[in-house]
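In the numbering used here, the protein residues as written are 125 to 247. All residues carry an ideal CB built from backbone N, CA and C; glycine is no exception. Keep in mind the model is a prediction, meaning the values are calculated, not measured.
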Amino acid sequence: RTSDGGGDAPDSYVLYEQVLALQERLQQLEAERLGDERRIREEVSAEMQQHMEEMHESLTHSNQEQLASTEESYHKKMLLHKGRHEQSAVDGHVEMQKQHRDSARKDMETLSRISSTNAQLEA
């Protein structure tokens, strides 16, 4: 170094360049971290969506089986008692079963919409 301080300028410049390089690398690492975090969130969201769809499908299937079994049981009982009751009572019961099926279908559609909305909110 010279006594006039001229030797400090190149050292300062080198240090300044190193600081800039480190800041740039820090920004790159932060961008990578954010990208990794976004990918992880997307993966978790997709897994949750798949799980919810599987649960919905399972519940729908189970509900349909239970509904069919209940309808079959009611229908058999109605056939047994048909001779003792007026046809209008049978018709009323059949209408009640239809309303029950429609209500169950609407419940499943509502559950599906809720699941879909939850998935959209989580995404």
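Am I right that residue i and residue j are in contact with their C-beta atoms under 8 Å? What's the rounded C-beta distance?
i: E246; j: M172; result: 6 Å
i: M232; j: T194; result: Incorrect: roughly 15 Å between the Cβ atoms, too far for contact.
Expressed to the nearest angstrom, what Euclidean distance is found between the alpha-carbon atoms of residue i and residue j?
i: Y137; j: L144; result: 10 Å
i: G130; j: L150; result: No answer about G130 holds up, because its pLDDT of 49 lies below 50 and its placement is not dependable.
i: A170; j: R237; result: 17 Å
i: I160; j: L153; result: First, the amino acid is wrong: residue 160 is Asp here, not Ile. Taking the straight line from one Cα to the other gives about 10 Å.
i: A243; j: R229; result: 21 Å
Would you kindly check if the distance between the Cβ of residue j and the Cβ of residue i is under 8 Å?
i: H217; j: Y198; result: yes
i: L191; j: R157; result: no
Does residue i have its Cβ less than 8 Å from a Cβ in chain D?
i: E161; result: Included in the structure is just one protein chain, with no chain D present.
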